[in-house]
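Take a look at the structure set out below.
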Amino acid sequence: MRLVTTPRVTFLRDLAREIAAHFGRGRMIVAVDGPVQSGKTAFADDLGSVLREQGHSVFRASMEGFHRSRAAQADFGDDTAERYSRYGFDESALRRVLVEPFRLGGSTAFVTRVLDPARDAWVEPKWITGPADAILLLDGRFVLRERLDELWDFRIAIGGDPVDPADRLVYAERDPRLVADVVVDLEDPSEPRLI
2 MRLVTTPRVT
12 FLRDLAREIA
22 AHFGRGRMIV
32 AVDGPVQSGK
42 TAFADDLGSV
52 LREQGHSVFR
62 ASMEGFHRSR
72 AAQADFGDDT
82 AERYSRYGFD
92 ESALRRVLVE
102 PFRLGGSTAF
112 VTRVLDPARD
122 AWVEPKWITG
132 PADAILLLDG
142 RFVLRERLDE
152 LWDFRIAIGG
162 DPVDPADRLV
172 YAERDPRLVA
182 DVVVDLEDPS
192 EPRLI
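For the sequence shown, the numbering used here gives the first residue as 2, with consecutive numbering after it.
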């Protein structure tokens, strides 16, 4: 289905073509990072729609679906910005049930979320499969940190300075805007632009 052409959709079509130029064949993972409430999830959703419009098989996931439960986070100490930035997300589950099986391709099934953070409850896993050529589009805080870097084929950072204490800690270690393939300014979400 053809999307209505707006400045945002036009921008996303250009970006989708750039991603596709890196894509070729097989499985590809695109990561979208940005500070809290920067618009990264809506941006990734819209980018997924544009990639589908261009004929790609796209799967969506968010780091929000890979939070550790509050009880599991408490095992790492008091509730601080440092604890959240280091242990707030279950990166092992992300690798084990999403990234690694997605990379295998074929009929190997993968899961796009393990926890509902709003309810602080595990979700029943929905194992899905996809075609040999597919793009996984993952958004979330801290996804461009160094210890996850080898997981991504294309990196997008949403511009803007961190305002949340956990974001500030992670940005001090490694600013995602400095390692991304593309940095996007969403100050006006209706008219994104490259930085």
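Where is the CB? At the ideal position from N, CA and C, for every residue including glycine.
How many angstroms separate the CA atom of Thr81 from the CA atom of Asp165?
On the sequence shown, position 80 is the one that residue 81 refers to. On the sequence shown, position 164 is the one that residue 165 refers to. Each residue's CA atom was taken as its position, placing Thr81 and Asp165 some 12 Å apart.
Within 10 Å of its beta-carbon, does Ile129 have 16 or more other beta-carbons around it, so buried, or fewer, so exposed?
In the sequence shown, the residue the question calls residue 129 occupies position 128. Exposed: under 16 other Cβ atoms inside 10 Å.
At 3 residues or longer, what runs of the beta strand (DSSP E) sit wholly inside the segment 111-140?
Listed in chain order, they are 135-140.
Assuming Val144 contacts Asp46 (C-beta within less than 8 Å), just tell me the rounded distance between them.
For the purposes of this step, residue 144 is taken as residue 143 along the sequence shown, with counting starting at 1. For the purposes of this step, residue 46 is taken as residue 45 along the sequence shown, with counting starting at 1. Not confirmed; about 15 Å, so no contact.
Who are the near neighbours of Glu92 in its chain, counting only those whose CB is closer than 7 Å to its CB and skipping five residues on each side?
Reading the sequence shown from its first residue, position 91 is the one you call residue 92. Contacts found: Leu149.
If you drop the 5 nearest sequence neighbours on each side, which residues of the same chain put their C-beta closer than 6 Å to that of Arg87?
For the purposes of this step, residue 87 is taken as the residue at position 86 of the sequence shown. Hits under 6 Å: none found.
Close-in-space but distant-in-sequence residues of the same chain around Leu116 (CB under 8 Å, 5 per side omitted):
For the purposes of this step, residue 116 is identified with residue 115 of the sequence shown, where counting begins at 1. Gly66, Phe67, His68, Arg69, Ser70, Asp91, Ala122, Trp123, Val124, listed in sequence order.
For Arg156, does the count of other Cβ atoms within 10 angstroms reach 16, so buried, or fall short, so exposed?
As a first step, residue 156 is located in the sequence shown; it is residue number 155 there, counting from the start. So Arg156 counts as buried.
6 Å CB neighbourhood of Glu151 in its chain, flanking five on each side removed
Within the sequence shown, numbered from 1, the residue matching residue 151 stands at position 150. Excluding positions up to five away in sequence, the list is empty.
Secondary structure of Val185, DSSP reduced to three states:
As a working note, residue 185 is residue 184 in the sequence shown. Of the three classes helix, strand and coil, the one that applies to Val185 here is strand, per DSSP.
Contact check, Gly141 vs Ser63, beta carbons under 8 Å:
Along the sequence shown, read from residue 1 onward, the residue named residue 141 stands at position 140. Along the sequence shown, read from residue 1 onward, the residue named residue 63 stands at position 62. Ser63 is positioned such that its CB atom lies closer than 8 Å to that of Gly141.
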